[in-house]
Amino acid sequence: MKFPDTPRVEYAQNPLAEVICQLRFPRQFAVEGALPVDLQKLLARDFPLVEKRFNFEVAISETEEPSRPARRTAYDFSSRKRDLTISLAADFVAVTSREYRNWSAFSTTVRTAWEAVRATYGVNLITRVGLRYRNIIERERLGLADVPWNELIRSELLGFLASGLDGAALAAEASTSHLFRIDDGSLALQSSLVHSSDQTKSALLIDSDFYLEDTIDGEQNVYMDILSRYNIEAGRLFRWSIKDRLRERLLASTD
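Last residue of the sequence shown: 377 in this note's numbering, with the numbers rising by one and none dropped.
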């Protein structure tokens with residue numbers, strides 16, 4: 123599965139809400155058994171805010187009853203503005219950006235996070251590489267409140283919203299889900315309507331999750347090469363997903 127190779131652009135009204143990179147590795151009991159003091163020292167200058175949280179996992183077997191949820195510890199190291207976070211758990215490190223600027227800056231943070239984990243815990247294997255982009259198209263914010271979705275987004279991502287059926291464009295809920303094989307792994311592509319808390323406004327979420335499940339030598343640059351290719355393909359995917367009317371509005375300055 124490949125998307126058309128089109129020129130990269132910089133949107134004046136960037137719809138990118140969140141970018142997440144996750145690198146999974148063999149479970150490190152040291153993360154659960156002690157506070158990540160040494161890791162905090164390596165990250166403290168740029169990520170001074172630290173929070174501890176818990177995730178709950180349930181193991182499901184075809185032959186046994188579901189076990190009790192297991193509590194897993196995770197730590198979030200955030201920037202002062204909380205727009206950039208490095209998360210650590212026993213089996214992964216992740217970087218989340220809520221104010222994404224460019225790939226160069228984001229990939230530098232990913233490398234910083236991984237090298238800090240390697241230095242602290244001696245981890246040298248990566249078992250899963252993932253890069254996820256979440257774009258949210260808000261018609262009201264763009265001055266396109268009365269424009270039908272099928273004039274802004276390709277029909278492949280709209281499902282019944284793109285149909286000519288009477289009232290289809292007024293659907294309260296709508297979503298599409300696709301899983302593709304790509305050169306470097308897989309792409310889980312989902313789209314769905316999301317609503318404001320008071321249900322008066324709706325937007326379209328385009329969620330693209332690129333990932334490779336394989337054992338990779340974490341001492342080499344292989345993981346970053348994979349992520350760089352995912353970044354290129356994610357840009358092509360989004361440019362393919364939107365139609366000219368939306369593209370022109372995203373490029374237009376708000377001044």
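From the three backbone atoms N, C-alpha and C, an ideal C-beta is built for every residue, glycine too.
For clarity, every value in this text was computed on a predicted model and none was experimentally measured.
Would residue i and residue j qualify as a contact pair, given that the criterion is a beta-carbon distance under 8 Å?
i	j	result
L373	Y255	no
L165	A238	yes
T242	L309	no
S324	L311	no
R190	F176	no
G340	R233	no
I208	F147	no
N257	F360	yes
R371	L266	yes
Roughly how many angstroms lie between the CA atoms of residue i and residue j, to the nearest whole one?
i	j	result
E173	V215	15 Å
E295	Y352	29 Å
I93	D306	Since the first residue shown for the chain is 123 and the last is 377, residue 93 is missing from the structure and cannot be characterised.
E335	D268	42 Å
S219	A356	16 Å
D366	I328	17 Å
A212	F125	35 Å
Y333	I275	24 Å
S299	L283	14 Å
R202	A196	19 Å
L301	S318	28 Å
L206	S229	12 Å
D127	K163	42 Å
F151	V245	12 Å
S375	T249	42 Å
W271	I304	28 Å
G155	V217	22 Å
R149	L253	20 Å
L349	I338	13 Å
Between the Cα of residue i and those of the options, spot the shortest distance and give me the residue it belongs to.
i	options	result
S363	R194, Q342, E278	E278
N136	F176, L264, T234	L264
S226	L210, R369, Q342, D347	D347
P158	E140, D198, L145	D198
A261	V344, F151, L368, R303	The question names Ala, yet the displayed sequence has Arg at residue 261. For the residues V344, F151, L368, R303, the minimum Cα distance to R261 belongs to L368.
E140	R371, E221, T128	E221
L171	S200, Q150, V251, L280	S200
L247	F360, S350, N343	N343
S387	L280, G155, R130, E273	Nothing about residue 387 can be reported from this structure: the residues present for the chain run from 123 to 377 only.
W236	T128, M123, S350, Q144	Q144
L251	S285, R358, I142, I258	What sits at residue 251 in the sequence shown is Val, not Leu. Comparing Cα-Cα distances from V251 to each of S285, R358, I142, I258, the minimum goes to I142.
S330	T337, T249, S313	S313
I need the DSSP call for residue i, collapsed to helix, strand or coil.
i	result
S297	strand
S226	helix
E262	coil
E355	helix
G252	strand
G307	strand
N257	strand
S375	coil
V239	helix
V232	helix
F147	coil
S380	Nothing about residue 380 can be reported from this structure: the residues present for the chain run from 123 to 377 only.
D329	strand
A152	helix
At least one CB of chain D closer than 8 Å to the CB of residue i: is that the case?
i	result
K323	Judged by its chain identifiers, the structure shown contains no chain D, having just a single protein chain.
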